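Visitor: Submitted below is the structure of interest, expressed as structure tokens.
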Amino acid sequence: MRDPRYDVLFEPMKIGPVTAKNRFYQVPHCNGGGYRDPSAAAEMRRMKSEGGWGVIFTEQTEMHHTSEITPFIELRLWEDADIPALAKMADAMRSHGALAGIQLAYSGINGPNLYTREVPRGPTALPIRTFTNDPVQARAMDKQDIRDLRRWHRNAFKRAKQAGFDLVCLYGAHGFGIIQHFLSTATNQRTDEYGGSLENRSRLMRELIEEGRDAIGDTCGLTLRISLDEMIGALGFANSEVRDMIEMHADLPDLWDLAHGAWEDCSGPSRFKEEAAQESLVAGIRKLTSKPVVGVGRFTSPDVMVRMIKSGTLDFIGCARPSIADPFLPKKVEEGRIEDIRECIGCNICITGDMTMSISRCTQNPTFMEEWRKGWHPERMQAKGASESVLVVGAGPAGLEAARALGLRGYQVALAEAGTELGGRVARECRLPGLYAWGRVRDYRQYQLGQMQNVEIYFDSRLSADDILAFGFQNVAIATGSTWRRDGVARAHVVPMPMDAAMPVYTPDDLMDGTVPGGNVVLFDDDHYYMGGVLAELMARQGAKVTLVTPSAYVSDWTRNTLEQGAIHRRLAELGVEIVLNRAVTRIAAGGVATACVYTGAEHDIAADAVVLAASRQQNDGIWQDLKARSDEWADNGIRSIKVIGDAEAPGPIAWATYAGHRFARELDEPDIGDALPFRREVTALAAE
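Each step along the sequence shown adds one to the number in our numbering, with nothing skipped, and position 319 is 382.
Structural data, given as structure tokens:
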């Protein structure tokens with residue numbers, strides 16, 4: 064039964080000629096599938112419709128071949144041949160009563176056209192502004208180019224309507240859309256009627272919306288997504304000018320979709336952005352227009368959502384990442400199951416799918432993008448197989464997810480934890496600066512397990528191979544995690560690093576256990592994800608003079624994929640951390656470290672009182688190795704299967720661990736598929752000669 068205080072979230076809301084059944088609005092978001100995996104993307108969106116979302120949008124959809132963003136994999140609506148795949152997605156979105164929306168994008172100076180080889184076009188002749196600094200420039204659009212662009216938009220509007228979409232969104236946010244490029248004085252330096260004053264810079268936006276409405280008629284709504292503030296200085300499209308523009312064109316679109324600055328500003332991870340972080344930029348805009356407003360802010364709390372509505376800040380609650388972590392978030396609120404919501408932790412692992420051109424993942428929801436590929440439903444498991452009992456050894460993210468999913472299937476599950484708390488690495492890492500939200504990985508699963516009568520949890524249970532063989536469980540999952548290496552083996556050193564025993568050397572495990580070195584500390588980061596930067600911040604905040612050395616050209620290099628690399632560098636610089644790039648620690652001596660340039664080999668010594676190595680991790684698979692060596696004893700002890708999963712098999716991000724636990728639970732007692740693929744995929748069809 065729904066709590067009455069959340070009733071406002073379920074009020075029907077008009078968007079032009081169509082009506083959303085509630086205020087839950089899944090804003091456009093990437094998924095790494097796009098035109099390559101259309102059925103997988105469609106089924107992912109269908110799941111959100113089943114989960115109760117009132118509005119569901121596609122990701123960025125390239126609407127013309129003269130502006131595309133290869134190598135990134137989004138949707139395409141270049142010609143009529145693209146309509147069937149998009150129609151399948153629209154049908155999936157509408158299957159449970161949601162409005163189906165498509166986001167049309169002409170990327171302008173953000174589109175390098177590496178696939179089509181077309182010359183990019185923008186308001187002004189400038190270099191292409193991409194993540195990868197492609198050595199491509201756009202030419203300035205002339206009047207005929209603008210007329211062509213308007214015609215291409217009309218064609219795309221008609222195709223979108225033919226595909227069955229209820230809403231069409233023009234993309235002018237995050238620096239990715241031609242409308243923003245015309246609105247911003249940073250990218251629009253024209254002197255004709257499309258440049259100069261705000262009214263002139265808004266001209267293309269007006270023309271596209273007015274002509275778009277004529278193209279799609281009175282059965283389809285038209286929305287506009289714009290940035291709240293470009294955050295790039297005096298030449299940028301600032302929040303004050305955004306407000307002037309909205310007031311000037313108050314009723315132009317059927318809905319205003321507001322998103323902060325660049326993508327990293329809008330979708331910053333929880334380490335740097337709190338829930339509702341964009342509220343101050345949105346506040347007051349609703350009073351400037353009679354049309355509804357949607358905004359985002361990694362909303363996970365229904366109470367915050369209600370406050371945003373009742374305060375008059377927003378009409379719709381925009382969600383991307385929270386809708387990935389829990390596609391059934393609206394339904395759980397409606398059914399009074401708030402405690403069952405899988406809250407987004409803001410790790411941005413979902414975004415890495417887009418950034419690496421691969422199928423996206425979610426740390427909290429291991430079924431994300433596996434709904435079609437593997438037939439995984441985020442809320443339902445198949446019934447248990449022929450066996451009855453499972454022992455899960457280790458209560459980290461892999462073990463917790465395995466126990467939860469096995470419990471749902473109906474197995475009798477025993478979860479044995481060597482320590483005194485659940486969560487494994489998550490319980491430790493969530494105590495580090497900025498990572499508190501990551502504890503939700505443990506909290507959600509701990510609550511779910513507490514509701515299951517068929518799952519028992521045992522603490523202080525460090526098991527041996529003899530113990531496991533004697534217990535009599537039919538199936539065993541070894542999820543004993545991993546430990547950070549102390550010998551420096553990682554990428555720069557594939558064998559142990561030379562070390563003088565006189566120098567104190569610490570690992571991330573030492574710091575998470577509470578031993579934080581002081582004085583002059585060299586942190587060698589050869590992991591390249593978040594850990595090195597987080598530990599440097601931890602030590603600096605406790606008074607150490609930290610020098611972070613990395614072989615990469617960037618601090619926490621891989622976090623470029625999670626949209627936080629720049630924020631990490633800025634924070635460390637503000638804390639006084641000395642950052643040394645493109646240099647590897649080659650030897651640890653008694654009074655410091657020897658380093659070498661990764662390009663020239665030029666050596667340089669750095670004095671230190673202590674060294675912290677964020678290198679690689681060693682899987683804790685001793686029990687597995689012992690059991691594997693005694694496999695001939697399994698059957699005599701009633702054991703049908705033993706499998707090692709998660710970090711104990713091969714260390715990786717937390718999302719890899721929850722996925723491993725879930726996969727183990729799904730596949731237990733299922734038929735052996737031999738050499739067949741464990742997922743479905745779509746293969747490119749050959750064109751007729």
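Idealized CB from N, CA, C, for every residue including glycine. Being a predicted model, the structure only gives us computed values, none of them experimental.
If contacts are defined as beta-carbon pairs under 8 Å, then L291 and N302 qualify, I think. What distance do you get, rounded to the angstrom?
Guide: Position 228 of the sequence shown holds residue 291. Position 239 of the sequence shown holds residue 302. About 6 Å separates the two Cβ atoms, so the contact holds.
Visitor: Does the count of Cβ pairs from the stretch 609 to 617 and the stretch 633 to 646 closer than 8 Å reach three?
Guide: Yes: at least three Cβ pairs fall under 8 Å.
Visitor: Quick check on the burial criterion: 16 or more other C-beta atoms within 10 angstroms. Buried or exposed for K111?
Guide: Residue mapping note: residue 111 aligns to position 48 of the sequence shown, counting from 1. The residue in question, K111, is buried, as its Cβ has 16 or more Cβ neighbours within 10 Å.
Visitor: From P385 to G95, what does the alpha carbon distance come to, in whole angstroms?
Guide: Within the sequence shown, numbered from 1, the residue matching residue 385 stands at position 322. Within the sequence shown, numbered from 1, the residue matching residue 95 stands at position 32. Whole-angstrom Cα-Cα distance: 17 Å.
Visitor: Could you spell out the range, first to last residue, of the beta strand (DSSP E) harbouring K77?
Guide: For this step, residue 77 is matched to residue 14 along the sequence shown. M76 to I78 is the span of the beta strand (DSSP E), which, as asked, contains K77.
Visitor: Give me the Cβ distance between F239 and Q89, rounded to the nearest whole Å; I'm assuming they're in contact under 8 Å.
Guide: Taking the first residue of the sequence shown as position 1, residue 239 is located at position 176. Taking the first residue of the sequence shown as position 1, residue 89 is located at position 26. About 18 Å separates the two Cβ atoms, so there is no contact after all.
Visitor: Taking just the CA atoms, how far does R68 sit from D229?
Guide: The sequence position of residue 229 within the sequence shown is 166, counting from 1. The sequence position of residue 68 within the sequence shown is 5, counting from 1. When rounded, the distance between both Cα atoms is 30 Å.
Visitor: What's the call for E106, buried or exposed, on a 16-neighbour Cβ count within 10 Å?
Guide: Along the sequence shown, read from residue 1 onward, the residue named residue 106 stands at position 43. Looking at its Cβ environment, which holds 16 or more other Cβ atoms inside 10 Å, E106 is buried.
Visitor: Just to confirm my understanding: we take A603, look at its own chain, exclude 5 residues before and 5 after, and list those with CB closer than 8 Å. What are they?
Guide: Reading the sequence shown from its first residue, position 540 is the one you call residue 603. Excluding residues within five positions, the ones whose Cβ falls inside 8 Å are V609, L635, L638, G639 and V640.
Visitor: When you compare the stretch 481 to 498 with the stretch 553 to 561, are there three or more beta-carbon pairs, one atom per stretch, that lie closer than 8 Å?
Guide: Result no; under three Cβ-Cβ pairs closer than 8 Å.
Visitor: Buried or exposed: which applies to A647, given that a residue is buried once 16 or more other Cβ atoms fall within 10 Å of its Cβ?
Guide: Position 584 of the sequence shown, counted from the start, is the residue given in the question as residue 647. Buried.
Visitor: Bridge partners of G381, per DSSP?
Guide: As a working mapping, residue 381 is identified with position 318 in the sequence shown. For G381, which the question treats as bridged, DSSP gives the partners Y88.
Visitor: Could you tell me the alpha carbon to alpha carbon distance between D66 and E397, rounded to whole angstroms?
Guide: Translated into positions along the sequence shown, residue 66 becomes position 3. Translated into positions along the sequence shown, residue 397 becomes position 334. Looking at the two C-alpha atoms, the distance is approximately 8 Å.
Visitor: Quick test of your reading: S545 and A723, contact by CB under 8 Å. State the CB separation rounded to the nearest angstrom.
Guide: On the sequence shown, position 482 is the one that residue 545 refers to. On the sequence shown, position 660 is the one that residue 723 refers to. The Cβ separation is near 12 Å, so there is no contact.
Visitor: Considering only C-alpha positions, which residue in the set A249, P355 and Y98 is nearest to A83?
Guide: Reading the sequence shown from its first residue, position 20 is the one you call residue 83. Ranking the options by Cα distance to A83, first place goes to P355.
Visitor: Have a look at the DSSP bridge pairing and note the partners of T121.
Guide: Mapped onto the sequence shown, residue 121 falls at position 58. DSSP lists no partner for T121.
Visitor: Can the beta-carbon of L318 be found less than 7 Å from the beta-carbon of V231?
Guide: What you label residue 318 is simply residue 255 of the sequence shown in a count that begins at 1. What you label residue 231 is simply residue 168 of the sequence shown in a count that begins at 1. Not closer than 7 Å, so no.
Visitor: Is the number of C-beta pairs between the stretch 373 to 393 and the stretch 685 to 697 that are closer than 8 Å three or more?
Guide: No contact exists between the stretch 373 to 393 and the stretch 685 to 697.
Visitor: Going by DSSP, what residues sit across from H667 in a beta bridge?
Guide: Within the sequence shown, residue 667 is the residue found at index 604, counting from 1. DSSP, once it has assigned bridges, lists T658 as partnering H667.
Visitor: If I'm right that L189 touches I209 with Cβ under 8 Å, what's the distance once you round it to whole angstroms?
Guide: Taking the first residue of the sequence shown as 1, we reach residue 189 at position 126. Taking the first residue of the sequence shown as 1, we reach residue 209 at position 146. Rounded, the Cβ-Cβ distance is 17 Å, inconsistent with contact.
Visitor: What does DSSP give as the partner residues of N23 in its beta bridges?
Guide: Shown here, the chain extends from 64 to 752; a query on residue 23 therefore has no answer.
Visitor: May I ask which residues mark the beginning and end of the beta strand (DSSP E) holding Q166?
Guide: Here residue 166 refers to the residue found at position 103 of the sequence shown. Q166 -> beta strand (DSSP E) spans L162 to A168.
Visitor: Tell me the start and end of each unbroken alpha helix (DSSP H) in the stretch 438 to 472 that is at least 4 residues and wholly inside, in chain order.
Guide: Here the runs fully enclosed are 460 to 472.
Visitor: Identify every residue that forms a DSSP beta bridge with W326.
Guide: For the purposes of this step, residue 326 is taken as residue 263 along the sequence shown, with counting starting at 1. Beta-bridge pairing links W326 to no other residue.
Visitor: Just to confirm my understanding: we take M368, look at its own chain, exclude 5 residues before and 5 after, and list those with CB closer than 7 Å. What are they?
Guide: For the purposes of this step, residue 368 is identified with residue 305 of the sequence shown, where counting begins at 1. Within the same chain, M368 has close Cβ partners L72, F362 and I380.
Visitor: Please tell me whether E480 and F522 are closer than 7 Å, where the distance is taken between their beta carbons.
Guide: Residue mapping note: residue 480 aligns to position 417 of the sequence shown, counting from 1. Residue mapping note: residue 522 aligns to position 459 of the sequence shown, counting from 1. Contact: yes.
Visitor: Apply the 10 Å Cβ neighbour rule to G280 and answer buried if 16 or more other Cβ atoms are within range, or exposed otherwise.
Guide: In the sequence shown, the residue the question calls residue 280 occupies position 217. With fewer than 16 other Cβ atoms within 10 Å, it is exposed.
Visitor: I'd like to know whether the C-beta atoms of Q59 and I146 end up nearer to each other than 7 Å.
Guide: Because residue 59 is not part of the residues shown, which for the chain are 64 to 752, the question remains open.
Visitor: For V661, which residues in the same chain have their Cβ closer than 7 Å to its Cβ, ignoring the five residues on either side in sequence?
Guide: As a position in the sequence shown, residue 661 is number 598, starting the count at 1. Taken in chain order, the residues that qualify are P614, N645, R646 and A647.
Visitor: I need the straight-line Cα distance from L478 to G513, nearest angstrom please.
Guide: Mapped onto the sequence shown, residue 478 falls at position 415. Mapped onto the sequence shown, residue 513 falls at position 450. Distance between the alpha carbons of L478 and G513: 12 Å.
Visitor: Looking at the unbroken alpha helix (DSSP H) that takes in Q243, where does it start and where does it end?
Guide: Position 180 of the sequence shown, counted from the first residue, corresponds to residue 243. That run of the alpha helix (DSSP H) goes I241 to L246.
Visitor: How many Å lie between G701 and Q475 at the Cα?
Guide: Reading the sequence shown from its first residue, position 638 is the one you call residue 701. Reading the sequence shown from its first residue, position 412 is the one you call residue 475. Straight-line Cα distance between these residues: approximately 15 Å.
Visitor: In whole angstroms, what is the alpha-carbon distance linking I651 and Q628?
Guide: Residue numbering aside, residue 651 sits at position 588 when the sequence shown is read from its first letter. Residue numbering aside, residue 628 sits at position 565 when the sequence shown is read from its first letter. Looking at the two C-alpha atoms, the distance is approximately 27 Å.
Visitor: Look at F587 and L471 and say whether their C-beta atoms are less than 7 Å apart.
Guide: The sequence position of residue 587 within the sequence shown is 524, counting from 1. The sequence position of residue 471 within the sequence shown is 408, counting from 1. In this structure, L471 does not lie closer than 7 Å to F587 by Cβ.
Visitor: Measure the alpha-carbon distance for L138 versus T578 and round it to whole angstroms.
Guide: Here residue 138 refers to the residue found at position 75 when the sequence shown is read from its first residue. Here residue 578 refers to the residue found at position 515 when the sequence shown is read from its first residue. Approximately 49 Å, taken between the alpha carbons.
Visitor: For S452, which option in P714, D143 and A540 has the closest C-alpha, if you only look at C-alpha atoms?
Guide: Here residue 452 is taken as the residue at index 389 of the sequence shown, counted from 1. Comparing Cα positions, the closest option is A540.
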